[in-house]
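For the sequence shown, counting from 1, position 30 maps to 30 in full-length UniProt numbering; every step adds exactly one.
Positions of the beta carbon are idealized from the N, C-alpha and C atoms, including for glycine.
Worksheet: one structure, shown below.
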Amino acid sequence: MNMKTLGVLVGPFALVGATVHYANDHPVLFNFISNYAESGYTTGNNIIDNGDSVGVWVGTFSGAPYAASDVVYWTNGIYFSLICSGALHSCVFDGSNSRRIMTIGGTGGGTMTLAGVHFKDGNNISFGGALYILSSALVSLQGCRILSNQANYGGGIYAGSSGTTVNLYSTSFDGNTATGNGDDIYGNSASLTVHSTCPPDWSGTPAAGSNLDTYSDPDNPGTLSGTTKSFDIG
């Protein structure tokens with residue numbers, strides 16, 4: 001597949017936005033994006049503006065600071081683009097099997113884009129080992145990898161609440177587990193679409209992989225549409 005949009009090229013994706021920032025390690029990234037914290041924990045001290053982009057350097061992002069006892073990054077009511085700066089999946093967000101990697105609590109009406117990022121070893125005793133998306137958040141995952149995460153519900157992704165909309169393009173899932181339901185994806189009132197096409201502004205066709213393990217809450221089902229397979233951007 002080939003990228004067609006012109007912009008500030010960072011790896012296979014282009015950085016677009018009012019302002020472009022760069023994060024070379026976990027503390028810098030945390031201070032850019034994590035604007036909500038559980039009591040006793042901290043928020044970032046240099047939060048970016050809505051619509052900005054962050055180019056994430058190649059490497060593994062893990063360790064302190066944390067937004068909560070069970071969450072690494074926690075965003076609330078903001079939106080931005082988070083783009084891996086190197087080869088696909090070479091920017092690794094690691095939950096160290098002890099915390100959910102990211103909670104996205106609403107996006108303020110804008111769309112948050114996560115592109116080329118590898119989410120691994122997230123762990124949460126309740127919802128979403130890698131990603132917990134709620135409160136009418138609008139999220140687009142493009143060319144990401146969601147690997148070996150675990151939770152009670154939604155080992156990879158838990159999307160909840162009416163108005164929450166998640167679009168997945170060329171995103172691969174492998175080795176995620178849920179002790180309850182939805183090893184890869186759990187939907188509760190949210191709208192999720194697994195696209196069998198490349199991300200917007202790309203050409204080509206992604207390779208389809210294994211079937212996803214998904215679950216829609218019977219009391220608040222929402223919608224899960226598209227081709228429920230793991231896709232590789234190639």
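Per DSSP, which residues does Ile-26 bridge with? Please list them. In the sequence shown, counting from the first residue as 1, residue 26 sits at position 26. In the sequence as presented, Ile is not what sits at residue 26; that position holds His. In DSSP, His-26 forms no bridge with anything.
Decide if Val-8 is buried, meaning its Cβ has at least 16 other Cβ atoms within 10 Å, or exposed. For this step, residue 8 is matched to residue 8 along the sequence shown. Residue confidence is low: Val-8 scores 44 on pLDDT, short of 50, so the model does not pin down where it sits. No coordinate-derived value is stated.
Alpha carbon to alpha carbon, what distance is there between Asn-152 and Asn-24? Along the sequence shown, one-based indexing puts residue 24 at 24. Along the sequence shown, one-based indexing puts residue 152 at 152. The alpha-carbon atoms of Asn-24 and Asn-152 are separated by roughly 32 Å.
Using the C-alpha atoms, what's the distance from Ala-87 back to Ser-162? Your numbering for residue 162 matches position 162 in the sequence shown. Your numbering for residue 87 matches position 87 in the sequence shown. Computed Cα separation, rounded: 35 Å.
Would you mind working out which of Ser-196, Ala-68 and Gly-182 sits nearest Leu-168, comparing C-alpha positions? Here the question's residue 168 lines up with position 168 in the sequence shown. Among Ser-196, Ala-68 and Gly-182, the Cα nearest to that of Leu-168 belongs to Ser-196.
Count the other C-beta atoms from every protein chain shown that fall within 10 angstroms of the C-beta of Ile-125, then say buried if there are 16 or more, exposed otherwise. Position 125 of the sequence shown, counted from the first residue, corresponds to residue 125. Flag for Ile-125 reads exposed.
Put Ile-78 into one of helix, strand or coil per three-state DSSP. Counting from one through the sequence shown, the residue named residue 78 turns up at place 78. Coil, per DSSP.
Considering only C-alpha positions, which residue in the set Cys-144, Thr-43 and Asn-123 is nearest to Thr-75? The residue labelled residue 75 in the question sits at position 75 within the sequence shown. Looking at the Cα atoms, Thr-43 is the closest of the given residues.
Alpha carbon to alpha carbon, what distance is there between Gly-110 and Thr-5? Your numbering for residue 5 matches position 5 in the sequence shown. Your numbering for residue 110 matches position 110 in the sequence shown. Low confidence applies to Thr-5: its pLDDT is 34, below 50, so where it sits in the model is not reliable, and the reading given next is rough at best. Looking at the two C-alpha atoms, the distance is approximately 20 Å.
Given a threshold of 16 other Cβ atoms within 10 Å of its Cβ, counted over all protein chains shown, does Asp-49 qualify as buried or as exposed? Working through the sequence shown from its first residue, we reach residue 49 at position 49. With fewer than 16 Cβ atoms within 10 Å of its Cβ, Asp-49 is classed as exposed.
Cβ-based burial, Asn-2 [other Cβ within 10 Å; buried from 16]: Your numbering for residue 2 matches position 2 in the sequence shown. Confidence at Asn-2 is low in this model, with a pLDDT of 36, below 50, so its placement is unreliable and no value can be given for it.
To the nearest angstrom, how far is the alpha carbon of Gly-116 from that of Ser-189? The sequence position of residue 116 within the sequence shown is 116, counting from 1. The sequence position of residue 189 within the sequence shown is 189, counting from 1. Cα-Cα distance, rounded: 27 Å.
Tell me whether Ile-33 sits in a helix, a strand or coil according to DSSP, three-state version. Taking the first residue of the sequence shown as 1, we reach residue 33 at position 33. Three-state result, Ile-33: helix.
Pop quiz: Ile-133 and Thr-164 are said to be a contact at Cβ under 8 Å. What is the actual Cβ separation, rounded to whole angstroms? Walking along the sequence shown from the start, residue 133 turns up at place 133. Walking along the sequence shown from the start, residue 164 turns up at place 164. Going by Cβ atoms, the distance from Ile-133 to Thr-164 rounds to 6 Å, so yes, they are a contact pair.
Starting from the N-terminal side, write out each stretch of the beta strand (DSSP E) that is 3 residues or longer and does not extend beyond the region 144-169. 145-147, 150-153, 157-160 and 165-169
Determine, using beta carbons only, whether Thr-171 and Cys-144 come nearer to each other than 7 Å. What you label residue 171 is simply residue 171 of the sequence shown in a count that begins at 1. What you label residue 144 is simply residue 144 of the sequence shown in a count that begins at 1. Yes. Within cutoff.
Determine, using beta carbons only, whether Arg-41 and Ala-67 come nearer to each other than 7 Å. Against the sequence shown, residue 41 aligns to sequence position 41. Against the sequence shown, residue 67 aligns to sequence position 67. What sits at residue 41 in the sequence shown is Tyr, not Arg. A contact, by the Cβ cut-off of 7 Å.
Per DSSP, Ala-208 forms a beta bridge with which residues? The count along the sequence shown starts at 1 and reaches residue 208 at position 208. Answer by DSSP bridge pairing, in chain order: Phe-231.
Short of 8 Å in beta carbon distance, which residues of its chain neighbour Ala-37, apart from the five on each side in sequence? Order them along the chain. Start at 1 with the first residue of the sequence shown, and residue 37 comes out as number 37. Same-chain partners within the cutoff: Thr-43, Ala-67, Ala-68 and Trp-74.
So Asn-97 and Asp-70 are in contact, right, with Cβ under 8 Å, and what is the actual spacing, rounded? Start at 1 with the first residue of the sequence shown, and residue 97 comes out as number 97. Start at 1 with the first residue of the sequence shown, and residue 70 comes out as number 70. Rounded, the Cβ-Cβ distance is 12 Å, inconsistent with contact.
CB-CB under 7 Å to Val-58, same chain, minus the five flanking residues each way: which ones, in chain order? In the sequence shown, the residue the question calls residue 58 occupies position 58. Same-chain partners within the cutoff: Ser-85, Gly-86, Ser-90 and Cys-91.
Gly-182 versus Ser-140, Ser-34, Thr-228 and Ser-81, residue with shortest Cα-Cα distance: The residue labelled residue 182 in the question sits at position 182 within the sequence shown. Of the listed residues, the one whose Cα sits closest to Gly-182 is Thr-228.
Where does Trp-202 sit, in a helix, a strand or coil, going by DSSP? Numbered from its first residue, the sequence shown carries residue 202 at position 202. Three-state DSSP puts Trp-202 in a strand.
Proximity below 7 Å, CB of His-26 to CB of Val-54: Residue numbering aside, residue 26 sits at position 26 when the sequence shown is read from its first letter. Residue numbering aside, residue 54 sits at position 54 when the sequence shown is read from its first letter. Contact flag unset, no.
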